[in-house]
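Some notes on the structure that comes next.
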Amino acid sequence: MQKAEERAKQEGRSLLVLDTREGDPSNLLYTSMGYIRAGRIPHYAKSASGELHATIFYYKQLI
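Quick note on numbering: UniProt numbering labels position 22 of the sequence shown as 22, and the sequence is numbered without any gaps.
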């Protein structure tokens, strides 16, 4: 993630946006890296079993 953020800065980007399934361990990783929760969309991400889960969107200002 740090390399992706560095690359984005080099390319002049000022904001990164990502999403992940609600309840996934990555939620803790992203918040620990300074990403801010922006919203939730229900029934968005499909698991391998076919079940639909909510997704959480995060953003981080780079500049």
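Yeah, the Cβ is synthetic: ideal placement off N, Cα and C, and Gly gets one too. These numbers come from a predicted model, not from an experiment.
Span of the alpha helix (DSSP H), counted from its first residue to its last, around residue i
{"i": "R13", "result": "Premise fails: R13 is in no alpha helix (DSSP H) and is neither H nor E."}
DSSP state of residue i mapped onto helix, strand, coil
{"i": "Y35", "result": "coil"}
{"i": "L62", "result": "coil"}
Identity of the residues DSSP links to residue i by a beta bridge
{"i": "R7", "result": "Answer by DSSP bridge pairing: none, since R7 is not bridged."}
{"i": "H53", "result": "A45"}
When the options are compared against residue i, the one with the closest alpha-carbon
{"i": "A54", "options": "E5, Q61, D19 and M1", "result": "D19"}
{"i": "G39", "options": "G50, S32, Y58 and G23", "result": "Y58"}
{"i": "F16", "options": "G23, R37, L52 and P42", "result": "Sequence check: residue 16 is Leu here, not Phe. Ranking the options by Cα distance to L16, first place goes to R37."}
{"i": "Y35", "options": "S26, H43, Q10 and I41", "result": "S26"}
{"i": "S14", "options": "G23, R21, A4 and E22", "result": "A4"}
{"i": "A48", "options": "Q61, M1 and R21", "result": "R21"}
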